[in-house]
Amino acid sequence: MSLKTGFTFTNVEANDSNVTVYNIEPADYAQLKDEPNMYKMSNTTAGVDTPEIITYQCGKLTKVPLSEEMKSNFPSPSIGGIQYGVKVEELLRVQREDDTVVHDLPVSVCITFKHARTASITESDLMQVLGRALGALFKADGSNRLADMMRFCIKPR
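Mapping to my numbering: the sequence shown position 67 is 383, numbers consecutive.
Structure follows, in structure tokens:
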């Protein structure tokens, strides 16, 4: 008997947010580390004193962590899983109008997937979840919620 997968939510209307996706061309990056579960690279087009570091990581999970509210009525017999993701680390340079450097501000963004290790979870499923996670950062009118969230106003309004 064949099985199918799907999410049970029905609110799938897209908004008009304008998220720019930048191409990460390997030719623009120098390898910093290459290990079995981690690859780290540095942007060669960034300033020497303001690097951009991108790290790809993966690993096994003995148990996929879930919040208390996410307990399933139909748990999988396998609780083991995998995790993988990417972290982008930047330095935002603050300068005066005469280009004098005031200071550099660190900024880091992590995207991590954690799920059961099964062929039932597809790339399409994960792209849908990623789209919903990114969508949670935007309001219905397409504007983002980052200014609110930077002020600890995390409740959507």
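Glycine is no exception: its CB is placed at the ideal position from the N, C-alpha and C atoms.
Coil, strand or helix - R473 by DSSP: If DSSP states are grouped into helix, strand and coil, R473 belongs with coil.
K471 versus D464: straight-line alpha-carbon distance, rounded: Their Cα atoms are separated by approximately 9 Å.
C-alpha distance - K455 paired with L442, whole-angstrom precision: Cα-Cα distance, rounded: 22 Å.
Rounded distance between the beta-carbons of Q373 and Y400, thought under 8 Å: Between the beta-carbon of Y400 and that of Q373 there is about 6 Å, and that keeps the pair under the 8 Å contact cut.
The stretch 418-428 / the stretch 391-408 touching (three or more Cβ pairs under 8 Å): A contact exists between the stretch 418-428 and the stretch 391-408.
Nonlocal neighbours in the same chain, by C-beta distance under 7 Å from L450, ignoring five residues either side: Here L450 has V335 as same chain residues with Cβ atoms under 7 Å from its own Cβ, once five neighbours each way along the sequence are excluded.
Inter-residue CB distance, G306 and L377 (contact presumed, cutoff 8 Å): Lying outside 317 to 473, the shown extent of the chain, residue 306 is not represented and no answer is given.
Cα-Cα separation, D355 to L348: Before going on, a small fix: residue 355 reads as Tyr here, not Asp. In a straight line, the C-alpha of Y355 is about 8 Å away from that of L348.
DSSP state of E351 mapped onto helix, strand, coil: DSSP places E351 in strand when its eight states are reduced to three.
C-beta atoms of M357 and T371 nearer than 9 Å: In contact: M357 and T371 (Cβ atoms closer than 9 Å).
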